[in-house]
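In the working numbering, the protein residues as written are 16 to 212.
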């Protein structure tokens, strides 16, 4: 079955991305509180009504790319073979998502995104998203073999997500030209190592 989106779906996604990028740019330039939906629509060269066809509000527009990445990570995990062990499947899902990053990914954009996402009204939404991601990943690893000595899928997922969060933060702040996937792999390698001696 062909899952390639048609022209209409691709156009809709292009519009969503354009609105997201306009919302993020304006939030950085003006501060999130000073950005209106009308200003975002104007910057994206669409009508206010068209904006409402894509997003419920400015929070949705600013957080769109991050929420898509969450869906992509869960989708990549679901695409893994059912008999693959949980940790192997989690790491393969991370590779599928972060390995597709361009070597020229814009760290400045990532830093601006983090700055905007520090806004209190967005933090609550991000925390809810992280909780949902954790629950979705736990459900997706259910029935998979856990690493030796592990009996709690929730703990495995929490360790995985902590490794990802630290890797993304480190990469965003880095002053070198390492690829994001390399930083993610290093962090997850450390998570794999047993603590203690």
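Backbone N, C-alpha and C fix where the C-beta goes; we use that ideal spot for every residue, glycine too.
Item checked: Buried/exposed call for residue 213, threshold 16 Cβ in 10 Å -> Residue 213 is absent from the structure shown; the chain starts at 16 and stops at 212.
Check: Excluding sequence positions up to five away, which residues of its chain have a Cβ less than 7 Å from the Cβ of residue 185?
Finding: The residue you call residue 185 lines up with position 170 of the chain shown. 198, listed in sequence order.
Check: Where does the unbroken alpha helix (DSSP H) through residue 168 begin, and where does it stop?
Finding: Counting from one through the chain shown, the residue named residue 168 turns up at place 153. It spans 168 to 188 - the alpha helix (DSSP H) in which residue 168 sits, taken as one unbroken run.
Note to self: Just to confirm my understanding: we take residue 82, look at its own chain, exclude 5 residues before and 5 after, and list those with CB closer than 7 Å. What are they?
What the structure shows: For the purposes of this step, residue 82 is taken as residue 67 along the chain shown, with counting starting at 1. 144, listed in sequence order.
Checklist line | From 204, 129 and 95, residue whose alpha carbon lies closest to that of residue 155 | finding: By one-based count along the chain shown, residue 155 stands at place 140. Closest by C-alpha distance to residue 155, out of 204, 129 and 95, is 95.
Note to self: Let's see if you can read the secondary structure: which residues bound the alpha helix (DSSP H) around residue 30?
What the structure shows: By 1-based counting over the chain shown, the position of residue 30 is 15. Where residue 30 is concerned, the enclosing alpha helix (DSSP H) stretches over 22 to 45.
Note to self: If I follow the unbroken alpha helix (DSSP H) through residue 96, where does it start and stop?
What the structure shows: For the purposes of this step, residue 96 is taken as the residue at position 81 of the chain shown. That residue, residue 96, is in no alpha helix (DSSP H); it is neither H nor E in DSSP.
Margin query: Helix, strand or coil for residue 194? Go by DSSP, reduced to three states.
Written below: For the purposes of this step, residue 194 is taken as the residue at position 179 of the chain shown. Assigned with DSSP and collapsed to three states, residue 194 falls in coil, not helix or strand.
Margin query: Residues in the same chain with beta-carbon distance under 7 Å from residue 129, minus the five sequence neighbours each way, listed in chain order, please.
Written below: What you label residue 129 is simply residue 114 of the chain shown in a count that begins at 1. The residues are 187.
Notebook entry, point to check: Within the chosen definition, does the stretch 72 to 82 reach the stretch 35 to 52 through at least 3 CB pairs nearer than 8 Å?
Noted result: Touching, per the Cβ criterion.
Check: Is any beta-carbon of chain C found at less than 8 Å from that of residue 111?
Finding: Of the protein chains in this structure there is only one, and it is not chain C.
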